[in-house]
Every structure is written in C-alpha cells, then in structure tokens.
Amino acid sequence: MANHKSALKRIRANETKRLRNRYQHKTTRSYIKKLRETTDKAVAIDVYKTVSSMLDRLAKKNIIHKKKASNQKSKLAKFVNGLAVAA
Numbered sequence: 001m002a003n004h005k006s007a008l009k010r011i012r013a014n015e016t017k018r019l020r021n022r023y024q025h026k027t028t029r030s031y032i033k034k035l036r037e038t039t040d041k042a043v044a045i046d047v048y049k050t051v052s053s054m055l056d057r058l059a060k061k062n063i064i065h066k067k068k069a070s071n072q073k074s075k076l077a078k079f080v081n082g083l084a085v086a087a
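Be aware that the sequence shown starts at 1, since it is given in UniProt numbering, and climbs by one per residue.
1. Does Lys61 come out as helix, strand or coil in the three-state DSSP assignment?
2. Is it true that the CB of Thr28 sits closer than 7 Å to the CB of Met54?
3. Compare the Cα-Cα distances from Val51 to each of Ser6, Gln72, Lys60 and report the closest residue.
4. What are the boundary residues of the alpha helix (DSSP H) that Asn3 is part of?
5. Taking 8 Å as the threshold, find out whether the stretch 5-16 comes into contact with the stretch 38-47 through three or more Cβ pairs.
6. When you compare each of Ile45, Ala69, Lys68, Lys67 to Leu83 by their alpha carbons, which one comes out closest?
7. Can you tell me whether Lys33 is buried or exposed? The criterion is at least 16 other CB atoms within 10 Å of its CB, across all chains shown.
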C-alpha cells in the first residue's frame, strides 16, 4: 500500500480518470451502434458528426489509438455515404 500522500492522491486521481475514460469510451461505442442501425441518411449525417467528434476526442486523450479512430471514422463515412445509394 502507498505510504506517501502524493501516492494516495495519485491513486484517487487515476481511479477518477479511469471511470471517466470508461464512460466516454462506452458512450462512443453506443453512438457507433446507433449510427450503424440508422437507415435515414439525414439522421445518419447528424449522428456521424457527433461520433466523429467523440472519436477524435478519445484519440486525443489516448483512450484509443489515433489510427483506430481514423479507421472507424473512415468506415462510418463509407456507411453514411452508401445510404444514398440504398435509399
């Protein structure tokens, strides 16, 4: 167990950050799932803007790798652009 005050504070801070990162990551995954289930292009474009922003934020904070965020944004953009052909 930690003996120094700074170490105890670091433990508390790390736990807070871990929970916040976990919440943001889970929320982003839920939005991606919501986007994948969308069939209306207008709604999909709005949701895509939100998801894209969320992915950028996760990559900026190193919660996910920047290339993973880029790959997901690319695949979702293809999906959104393909909705016009299908509908």
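Built from N, CA and C at the ideal position, the CB exists for glycine as well.
For clarity, every value in this text was computed on a predicted model and none was experimentally measured.
Walking through what the data contain:
1. Coil at Lys61, not helix or strand.
2. yes
3. Gln72
4. Element bounds for Asn3: n/a, residue is neither H nor E.
5. no
6. Ile45
7. exposed
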